[in-house]
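Chemist: Sharing a structure below in structure tokens format, with a few things to ask.
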């Protein structure tokens, strides 16, 4: 009966990140630098709050949109930390940012619409766009330092453009959009009826204060902002995120969300209120140390790698070794016992993504193996 499945599933497969992680599992003692999942534990106060919520009877439905208490605290949190003005009625609590992005794009797109996706980019945007019958339009940022320009945006935007995706800090590069990039967005979009989807899941992991796409002036009615508890608080398995937007749009998207999920788990929503009161600075400090280690080692190997300003990824350039990124990563697993993700999986060839979501000793071992592998490739090119 598989041939009776809908045609849009024909090209659908597991994410490339998961595929390369599975390949790593087939090799003994492989150092896995693929998954963007914090290895740090969820802070104890958050776990304790979930246990209290369970013991206290938080085991029933909340409103489709999420508990009123959590949405009020989310509104206050966004106002305090980012100066964003969204009320509780402009927030949906979702099953992670993944569902938030799914609801945003499927709720916006009609078949034949176009979505501008700056690359390199997380593959979810393309997948959901295609499932909605819409067309992804890729905007290559590799030649402009992973930043946006007015000229490139204008070339990508057409009368069929329905949405533009912004991901800052970016997965896989860790790049953060500059004020100039965001000014280019405002100028290029202008008065066009284009939704702007901001995937802000790494916002809490910036290395310094930085420009905020969600604060773009004059575009509030067209903004949809996806956020998650997964990365800043090491809560990937909890699957709680949220979507913010203008009240009329959020009302419509709440209906879609309700038919997909009904509501996020009530006891986890209660624990997320504690998360909002839990400092994430210790985690940022840990990632900063790992970032410094990885950059130091990559640069010592002669690899060009822009310093990430957020998230927990490095995106070094491997073009000098004469292999496409997929061949490079397959050999890296087989011959060196290190797993990374090809840049081609994010729409940008000639790079690999390294996740530094593991301890410093593991990272040092991974860098040692990568360095030895690069020396081997250099010798091959000499013969």
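In the working numbering, the protein residues as written are 4 to 386. In this text, a Cβ means the ideal position worked out from N, Cα and C, and glycines have one as well.
1) When burial is assigned at 16 or more other CB atoms within 10 Å of the CB, is residue 275 buried or exposed?
2) Does the ligand FMN have a heavy atom nearer than 7 Å to the CB of residue 87?
3) What does the Cβ neighbour count give for residue 47, buried or exposed, with the cut at 16 atoms within 10 Å?
4) Can you list, in chain order, the stretches of the alpha helix (DSSP H) that have 4 or more residues and sit fully within the region 155-221?
5) Is it the case that the Cβ atoms of residue 199 and residue 163 are separated by a distance below 8 Å?
6) So, does the region 226-238 touch the region 29-46, judging by three or more C-beta pairs under 8 Å?
7) For residue 94, collect the residues of the same chain with a Cβ closer than 6 Å to its Cβ; drop the 5 residues on either side in sequence, then sort them by chain order.
8) Taking residue 312 as the reference, which of 45, 207 and 99 has the closest Cα?
9) So residue 72 is in the alpha helix (DSSP H); what residue range does that whole segment cover?
10) Inspect the CB distances between the region 252-264 and the region 273-290 and report whether three or more fall short of 8 Å.
11) Apply the 10 Å Cβ neighbour rule to residue 8 and answer buried if 16 or more other Cβ atoms are within range, or exposed otherwise.
12) When the distance is taken between beta carbons, is residue 34 closer than 8 Å to residue 372?
13) Can you tell me whether residue 64 is buried or exposed? The criterion is at least 16 other CB atoms within 10 Å of its CB, across all chains shown.
14) Give me the Cα-Cα distance between residue 316 and residue 176, rounded to the nearest whole angstrom.
15) What does the alpha-carbon distance come out to for the pair residue 374 and residue 368?
16) With respect to the beta strand (DSSP E) encompassing residue 122, which residues constitute its N-terminal and C-terminal limits?
17) Assign residue 47 to one of three DSSP states: helix, strand, or coil.
18) With distances taken Cα to Cα, identify the nearest neighbour of residue 251 among 110, 120 and 142.
19) Helix, strand or coil for residue 282, going by three-state DSSP, please let me know.
20) Check whether the region 117-135 touches the region 282-289, taking contact to mean three or more Cβ pairs, one atom from each stretch, closer than 8 Å.
21) Note down the Cα distance separating residue 239 from residue 303, rounded to an integer number of angstroms.
22) For residue 292, does the count of other Cβ atoms within 10 angstroms reach 16, so buried, or fall short, so exposed?
23) With a cut-off of 8 Å, do at least 3 Cβ pairs link the region 321-328 to the region 212-219?
24) If we call anything under 8 Å between Cβ atoms a contact, is residue 187 one with residue 156?
25) What's the call for residue 196, buried or exposed, on a 16-neighbour Cβ count within 10 Å?
26) CB residue 309 to CB residue 328, shorter than 8 Å?
27) State the start and end residues of the unbroken alpha helix (DSSP H) segment that holds residue 5.
Modeler: Once the coordinates are examined:
1) buried
2) This structure lacks the ligand FMN, and indeed carries no ligand of any kind.
3) exposed
4) 182-192
5) no
6) yes
7) 74, 77, 245 and 247
8) 207
9) 71-85
10) no
11) exposed
12) yes
13) exposed
14) 6 Å
15) 10 Å
16) 117-122
17) helix
18) 110
19) coil
20) no
21) 33 Å
22) exposed
23) no
24) yes
25) exposed
26) no
27) Here residue 5 belongs to no alpha helix (DSSP H), and DSSP marks it neither H nor E.
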